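A.B. asks: Okay, handing you the structure first.
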Amino acid sequence: MSMKRIAPHEPQAALLSSEDVDRDVAVLSEALMEERARRIAQNVLLRPDMRQILGDLLESGACENEEEAITRGLKILSVALLPVLEGSGKNN
Amino acid sequence: MAEFEKHGAGEELDNLIRQGFVVLAEELTTDEKERTEMLAHRIAAQPSSGDPDHLNHLPEAEAMVITARSELGCTLILLDELAARAVAEEEGLRITGFPGVVGRAGLDGSLTRHDIRHLLSLCQQQGTHYSNQLIEHVAETYGR
Numbered sequence: 009m010s011m012k013r014i015a016p017h018e019p020q021a022a023l024l025s026s027e028d029v030d031r032d033v034a035v036l037s038e039a040l041m042e043e044r045a046r047r048i049a050q051n052v053l054l055r056p057d058m059r060q061i062l063g064d065l066l067e068s069g070a071c072e073n074e075e076e077a078i079t080r081g082l083k084i085l086s087v088a089l090l091p092v093l094e095g096s097g098k099n100n
Numbered sequence: 009m010a011e012f013e014k015h016g017a018g019e020e021l022d023n024l025i026r027q028g029f030v031v032l033a034e035e036l037t038t039d040e041k042e043r044t045e046m047l048a049h050r051i052a053a054q055p056s057s058g059d060p061d062h063l064n065h066l067p068e069a070e071a072m073v074i075t076a077r078s079e080l081g082c083t084l085i086l087l088d089e090l091a092a093r094a095v096a097e098e099e100g101l102r103i104t105g106f107p108g109v110v111g112r113a114g115l116d117g118s119l120t121r122h123d124i125r126h127l128l129s130l131c132q133q134q135g136t137h138y139s140n141q142l143i144e145h146v147a148e149t150y151g152r
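Residue numbers (the working numbering), protein chains in the order written: chain C, 9 to 100; chain W, 9 to 152.
Below, the structure written as structure tokens:
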């Protein structure tokens, strides 16, 4: 069944270019990544046990702020798991 | 709503509102209405605007004003019209367009090349100004 074609309702509107769309996809991807990061951070930081650990780390002076604590924690975890990661070929 | 009706998406939008995926913004305040008028004039005056009547640019201007409401936490505005995009950019808004959303869905593996061609051609048939070349680019670049 063929669909009825109707005249453009904005006949004088300038067309989007391929470059515009490529930029739009990149902007949207970045926004989605930011939203995901916000959600993950919120889920982690709202957990009482994580808040307690972060509070203890900051109070001890081992880390200056929450971001540093999380970053260092992930780096330490990746070093600790290095043999496993190398074994699975994920760290080549 | 009139803009969505014009794009043939009125019924779909009604469904999304009922399902809670789309939130309706409250009516514009007096200040917001003034700002909308001003933005519509700026869109109409853009070199890429083929329509000098600012009244025909009110829907896009209204979308920009609503996007700026802090309580909504909008991070992106979806605009396809180049003149409106130029003004939104001047306003510091982050922009994407419908073909960009379709392209991203293709990257996510949700849409095939065929799906993308079908969706964008459907918009074209409904009167949205996408070139055949653009549709092919999005399908080939982003479709799985």
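The beta carbon of each residue, even a glycine, is placed where N, CA and C say it ideally should be.
Just so you know, these numbers come straight off a predicted model, no measurement behind them.
How many angstroms separate the CA atom of L127/W from the CA atom of M41/C?
C.D. replies: The alpha-carbon atoms of L127/W and M41/C are separated by roughly 25 angstroms.
A.B. asks: Check each candidate in S57/W, A69/W and V31/W and name the one with the smallest Cα separation from G81/W.
C.D. replies: That would be V31/W, whose Cα lies nearest to the Cα of G81/W.
A.B. asks: Using the rule of at least 16 other Cβ atoms within 10 Å of the residue's Cβ for burial, across every protein chain shown, is V92/C buried or exposed?
C.D. replies: Answer is exposed; the Cβ neighbour count stays below 16.
A.B. asks: Does L54/C come within less than 7 angstroms of chain W when only Cβ atoms are used?
C.D. replies: So, not an interface residue.
A.B. asks: In angstroms, rounded to a whole number, what distance separates the CA positions of I14/C and G135/W?
C.D. replies: A caution first: I14/C carries a pLDDT of 48, below 50, which makes its placement in the model unreliable, though a value can still be read off. So the alpha carbons of these two residues sit roughly 6 angstroms apart.
A.B. asks: How many angstroms separate the CA atom of N23/W from the CA atom of F29/W?
C.D. replies: Roughly 9 angstroms separates the two Cα atoms.
A.B. asks: Figure out for me which residue from A76/W, S129/W, I103/W and T83/W has the closest Cα to the Cα of T37/W.
C.D. replies: It is A76/W whose Cα lies nearest to the Cα of T37/W.
A.B. asks: Any C-beta of chain W sitting closer than 7 angstroms to the C-beta of M9/C?
C.D. replies: Its pLDDT being 44, under 50, M9/C is placed unreliably in this model, and the value from its coordinates should be taken loosely. No, its Cβ sits nowhere closer than 7 angstroms to a Cβ of chain W.
A.B. asks: Give me, in chain order, the residues of the same chain whose beta-carbon lies closer than 7 angstroms to that of P107/W; leave out the 5 immediate sequence neighbours on both sides.
C.D. replies: Around P107/W: L128, Y138, L142 and V146.
A.B. asks: Give, in chain order, every unbroken run of the alpha helix (DSSP H) that is at least 4 residues long and sits entirely within the stretch 34-86 of chain W.
C.D. replies: Entirely contained in the stretch 34-86 of chain W, the alpha helix (DSSP H) runs reaching 4 residues are, in chain order, 38-53 and 66-75.
A.B. asks: Where do the N-terminal and C-terminal ends of the alpha helix (DSSP H) with L62/C fall, by residue?
C.D. replies: Residues P56 to S68.
A.B. asks: Determine whether the Cβ of A39/C lies closer than 7 angstroms to any Cβ atom of chain W.
C.D. replies: Cβ-Cβ to chain W under 7 angstroms: yes for A39/C.
A.B. asks: Residues of chain C with a CB under 8 angstroms from the CB of R112/W: which are they?
C.D. replies: Simply V33, L36, S37 and L40.
A.B. asks: If I measure Cβ to Cβ from E20/W and keep anything under 6 angstroms in the same chain, skipping five residues before and after, which residues do I get?
C.D. replies: For E20/W, where only same-chain residues beyond five positions count, there are no Cβ hits under 6 angstroms.
A.B. asks: Taking all protein chains shown into account, decide if S96/C is buried (16 or more other Cβ within 10 angstroms of its Cβ) or exposed.
C.D. replies: Its Cβ having fewer than 16 others within 10 Å, S96/C is exposed.
A.B. asks: If you drop the 5 nearest sequence neighbours on each side, which residues of the same chain put their C-beta closer than 7 angstroms to that of T62/C?
C.D. replies: It should be pointed out that residue 62/C corresponds to Leu in this sequence rather than to Thr. So the list reads E74 and A77, once near-sequence residues are dropped.
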